[in-house]
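Below: the structure, in structure tokens.
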Amino acid sequence: MFQGFVISDWAGIDQLTYPWHTNYTYSSLEGVIDMVMNNNFVQMTRIDDAIKRILRVKFQMGLFENPLTDYSLIKYLGILRTRTIDPETKVVYKKNPDSEFIKSNNFSYSIVMVKQTAYAECYGDSLNLTIPAPGPDIMTSVCASVKCVVVPVTGRPIVIQPYLDQMDALVAAWLPGTEGQGVADVLFGDYGFTGNLTRTWFKTVDQLSINVGDSHLKPVKA
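Going letter by letter, the sequence shown gives residues 1 to 222 in full-length UniProt numbering.
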């Protein structure tokens, strides 16, 4: 017997369209959805049942005795002394650098950030999964002039095989959130790289869909 509780996707109930002319919110709550905002049209017995399901899970997880959040640490969020980078460190940032810029500054190495166009949900559908311009040109010009670490910021594997030989290292940042501190930590050696990729990284889009164990396909990394 299922002992958990059910919630919908954000505004998911409001996006229901079939059957037509139906009170989708009421139908969803009477059916399976347990968590929703109060609007005074659902019977109290149904609300009590939903509350029981939610509290059962929280009690089983021990959230009331041992909350997952330590609120005493909030005062340390965002303060300068929690940063790992020396405030005196000189960081040179250049948007779309060319080879002349690299050579004229005598850099020891570079970190090249490339990304996909920002998207959410279905708006990120793509037929080629390539790095948009000027990403490829930047990788080519910078990595030909100085040691480089390429860091793609993407929500999925992208076509990277044509550029691998130009790189000294490749670090997939995925979508690191608002700051990317964890990516900086491993790039500068404060922490080591561990674990495996969550997705098999293909060589070409012709291999899709590709999964670990597909012996007839040779991915970039599994």
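All C-beta atoms, glycine included, are put in the ideal place defined by N, C-alpha and C.
Between the region 175-183 and the region 146-163, the count of Cβ pairs shorter than 8 Å is three or higher; the stretches touch. Judged by DSSP secondary structure, C148 falls outside any alpha helix (DSSP H) and instead within the beta strand (DSSP E) spanning K147 to V153.
DSSP, read as helix, strand or coil, puts S72 in helix.
For the options L197, V205 and G182, the alpha carbon positioned closest to that of D190 is the one of G182. Every alpha helix (DSSP H) of 4 residues or more that sits fully in the region 140-202 is shown, in chain order, as 181-187. DSSP links S110 through a beta bridge to C148. Check the Cα spacing between T130 and each of S141, S104 and T117: the tightest is with T117.
Annotated as distal: L197 and V149, with beta-carbon spacing of 8 Å or more.
Cα atoms of V171 and D98: separation of roughly 22 Å, rounded to the nearest angstrom. Here K95 carries a coil assignment [DSSP, helix/strand/coil].
Between M1 and Q60, the alpha-carbon positions lie close to 16 Å from each other. Straight through space, the alpha carbons of I54 and G135 are spaced by roughly 47 Å. With fewer than 16 other Cβ atoms from the protein chains shown falling within 10 Å of its own Cβ, M44 counts as exposed.
In terms of Cβ geometry, T140 and Q161 do not form a close pair [threshold 8 Å]. For I47, the enclosing alpha helix (DSSP H) has its first and last residue at M44 to M61. At the C-beta level, N96 and I51 stay beyond 8 Å of one another.
Around the C-beta of F5, 16 or more other C-beta atoms lie within 10 Å, and the residue is accordingly described as buried. By the neighbour-count definition (other C-beta atoms within 10 Å, threshold 16), V212 is an exposed residue.
A straight-line Cα-Cα distance of about 41 Å links T69 and S108. Looking at the DSSP output, K115 bridges to V153.
Here V159 is near T204, since their CB atoms are less than 8 Å apart.
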